[in-house]
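Below is one structure; the comments refer to it alone.
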Amino acid sequence: MKIKALWGFVGNAELLGANSPQVKSGQEFQEVDDEYAHVLLGKGLAVELDANGKPKVAKPKEGKPAAPKEVK
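Going by the working numbering, the sequence shown opens with residue 154, and the numbers climb by one from there.
The structure is reproduced here in structure tokens:
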């Protein structure tokens, strides 16, 4: 999985596929362990990149409109 760091942090160099565990903001990683990448995404430390190297945009969920309240 391709990710880009949004914040600087100390991570697991082996799972990141990096030489150093020290990660700087804006740094990109090409071959990150999927489970570890999802942990970083969930914590807001990184974003997933698509094939073009641009951040993937999450689409908002579409729900049904709220029902009007009853008037008594």
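For each residue, glycine too, the CB sits at the ideal point set by N, CA and C.
Since the structure is predicted, the reported quantities are computational estimates derived from the model, not experimental observations.
Local conformation of residue i per DSSP, three classes
i	result
ALA190	helix
GLN202	Reading the sequence as shown, one finds Leu at residue 202 and not Gln. Strand.
GLU136	The structure shown has nothing for residue 136, since the chain only spans 154 to 225.
ALA158	strand
Supposed contact pair residue j and residue i - C-beta distance, whole angstroms, cut 8 Å
i	j	result
GLY170	GLU184	4 Å
VAL176	GLY164	5 Å
Residue from the options with nearest C-alpha to residue i
i	options	result
GLY161	ASN172, GLY179, LYS209, LYS207	GLY179
ALA199	LYS214, GLU215, ASN205, PHE182	PHE182
LEU159	ALA166, LEU202, ASP186	LEU202
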